[in-house]
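To start, the structure under review is shown below, and the notes come after it.
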Amino acid sequence: MQQPVLTIVVPCYNEQEVLTETMRQLKTLLTDMIQEQTISAESRLLFVDDGSKDSTWEIIYKESIQGNVVRGLKLARNVGHQNALLAGLFSAKRMADCVISIDADLQDDIEVIRDFVAKYKEGYQVVYGVRSKRDSDSFFKRTTAEGFYKIMRKMGVNLVYNHADYRLMSKRAIEELERYQESNLFLRGIVPLIGFKSTSVYYERKERLAGVTKYPLKKMLAFALDGITSFSVTPIRFVLLVGCLSFFVSLIFGAYFLSLKFFGSTETGWTSLITSIWLIGGLQLIGLGLVGEYIGKIYKETKRRPKYNVDIDLFNLGRPIVEDSP
Ligand code: UDP
Ligand code: MG
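Below, the structure written as structure tokens:
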């Protein structure tokens, strides 16, 4: 039986401290798997350099031209983890039967790759890597992440709990993914939307091997807000609801104050006035901000800018490319 061609895609942004070790470990695993004949000898590691400012590309380039297993894709500028990943997936699917995406910092247990491939052979088109424990992440990261998953679930977005971007996708699934043309792709939300037979494998998430996180708080918040507003209009509905409620309440209070004016004695009124101005003003600003967020999204979509630009593509190094006929 012919074994599947596997490509492992690794997005890298300023990862020089950890990259050599990551490469070594992944290379060992891949060559072992090729030797055991679990995967085809055409299988590759594809490192995507997301516009790094350090020597990340030099490391990738050197390995690419020296050996058979490592390949590189250099993007023209930094486009963020999600887009770098897409660049890798779309590039890899030209040659591979299935593609696994993994971070460069070895936080995800690479031995699970064997389980991914086993599941693929059983006929699964998408396999999610799920963290069974998150002890290595900080308390803050864990609780905020948990809150995020809960909010997304409540809003009806079908996320795989505790799954980040460690997953296997078949060539077919990636081809379907390519049809989602929105510019702000939140992969964790989109991939479950595609459908296909899917399953999960479990592993323990470790600490970053070296280097620092490329997701500081600001980026994490932006990522979460993007995730939420890309998939649901519930927040904007909530604002509408609050607006309606406050309108209703103000009617009742208005009637009450009027009755006081005619049948009782009126207050000087400063306290209630100033509180309501602040309250309503705040609510309006929140509402405006949310509407702005969605309008901003529409604005971005209408421009249809490419999600990434490729500078150097070494993926096909040493083998002819057979493009699919359209
Ligand atoms: N990354 C990227 N572009 C960026 C930021 C991050 O390609 O603009 C890569 C990074 O090199 C790593 C992966 O995305 O391989 C996940 O980043 P990181 O491990 O820093 O995130 P965390 O695990 O802390 O959430
Ligand atoms: Mg990490």
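Sequence positions in the sequence shown follow UniProt numbering and run 1 to 326.
Ideal placement from N, C-alpha and C gives every residue a C-beta, glycine not left out.
Residue i versus residue j - alpha carbon distance
i, j, result
"proline 235", "leucine 251", "25 Å"
"cysteine 98", "cysteine 244", "50 Å"
"tyrosine 294", "isoleucine 228", "11 Å"
"asparagine 158", "alanine 164", "13 Å"
"valine 79", "serine 52", "10 Å"
"leucine 19", "threonine 56", "7 Å"
"serine 138", "leucine 260", "56 Å"
"leucine 317", "serine 64", "8 Å"
"phenylalanine 253", "threonine 275", "13 Å"
"serine 183", "serine 272", "46 Å"
"lysine 206", "isoleucine 174", "28 Å"
"leucine 89", "leucine 240", "39 Å"
"methionine 95", "leucine 45", "12 Å"
"isoleucine 286", "aspartate 54", "40 Å"
"isoleucine 39", "serine 230", "37 Å"
"phenylalanine 140", "lysine 303", "36 Å"
"residue 329", "lysine 150", "Because the chain is modelled from 1 through 326, residue 329 falls outside the range shown and cannot be assessed."
"lysine 214", "glutamate 122", "35 Å"
"arginine 24", "arginine 179", "35 Å"
"isoleucine 60", "proline 4", "24 Å"
"glycine 211", "aspartate 103", "13 Å"
"isoleucine 34", "lysine 119", "17 Å"
Of the listed residues the options, nearest to residue i (C-alpha basis)
i, options, result
"valine 70", "Glu58, Tyr166 and Gly123", "Glu58"
"phenylalanine 238", "Asp226, Arg208, Leu288 and Lys197", "Leu288"
"lysine 93", "Ser200, Ser101, Lys171 and Thr31", "Lys171"
"tyrosine 124", "Gln3, Leu6, Ser198 and Lys62", "Ser198"
"leucine 225", "Ser132, Lys119, Thr144 and Leu258", "Thr144"
"serine 101", "Glu42, Ile312 and Leu6", "Leu6"
"aspartate 32", "Glu111, Arg153 and Phe247", "Glu111"
"valine 126", "Tyr166, Tyr299, Gly282 and Lys27", "Tyr166"
"valine 160", "Gln181, Val191 and Tyr308", "Val191"
"threonine 22", "Asp108, Pro306 and Thr213", "Asp108"
"serine 232", "Leu290, Gly156 and Pro4", "Gly156"
"glycine 147", "Val130, Met220, Asp313 and Phe116", "Met220"
"valine 310", "Leu283, Arg77 and Phe196", "Arg77"
"glutamate 15", "Lys27, Leu26, Phe47 and Gln35", "Phe47"
"aspartate 50", "Phe248, Arg142, Leu209 and Gln82", "Gln82"
"isoleucine 280", "Ile312, Lys300, Tyr299 and Ser246", "Ser246"
The beta strand (DSSP E) enclosing residue i, as first and last residue numbers
i, result
"serine 200", "198-204"
"arginine 208", "Segment: none, arginine 208 is in no beta strand (DSSP E) and carries neither H nor E."
"leucine 159", "First-last for leucine 159: undefined, no H or E at that position."
"glycine 129", "126-133"
"glycine 88", "Counting along the chain, glycine 88 falls outside any beta strand (DSSP E), though it belongs to the alpha helix (DSSP H) covering 81-92."
"lysine 74", "70-75"
"proline 4", "Here proline 4 belongs to no beta strand (DSSP E), and DSSP marks it neither H nor E."
"residue 327", "Here the chain has residues from 1 to 326 only, and residue 327 is not among them."
Exposure of residue i, with buried meaning 16 or more beta-carbon neighbours within 10 Å
i, result
"alanine 255", "exposed"
"phenylalanine 262", "exposed"
"aspartate 105", "buried"
"proline 326", "For proline 326, the predicted model reports a pLDDT of 45, less than 50, meaning its position is unreliable; a value from the coordinates is still stated below. The residue is exposed, with fewer than 16 neighbouring Cβ atoms inside 10 Å."
"phenylalanine 186", "buried"
"serine 265", "exposed"
"valine 10", "buried"
"leucine 87", "The question names leucine, but residue 87 in the sequence shown is alanine. Counting Cβ neighbours within 10 Å, alanine 87 comes out buried, since at least 16 surround it."
"serine 132", "exposed"
"lysine 154", "exposed"
"leucine 217", "exposed"
"leucine 314", "buried"
"glutamine 284", "exposed"
Continuous alpha helix (DSSP H) stretch holding residue i: start and end
i, result
"aspartate 49", "Aspartate 49 -> not in any alpha helix (DSSP H); beta strand (DSSP E) instead, spanning 44-49."
"proline 235", "234-263"
"methionine 23", "16-35"
"aspartate 165", "Where aspartate 165 is concerned, there is no enclosing alpha helix (DSSP H), although the beta strand (DSSP E) it sits in stretches over 163-170."
"lysine 119", "112-121"
"proline 192", "187-194"
"lysine 219", "217-231"
"serine 52", "Serine 52 -> no alpha helix (DSSP H), and no H or E assigned at all."
Contact with chain C by residue i, beta-carbon distance below 8 Å
i, result
"tyrosine 120", "The structure shown contains no chain C; it holds only a single protein chain."
TODO: Any chance you could list the residues with Cβ under 7 Å from a heavy atom of the ligand MG, keeping chain order?
DONE: Working through the chain, the matches are Asp103, Asp105, Gln107, Arg208 and Thr213.
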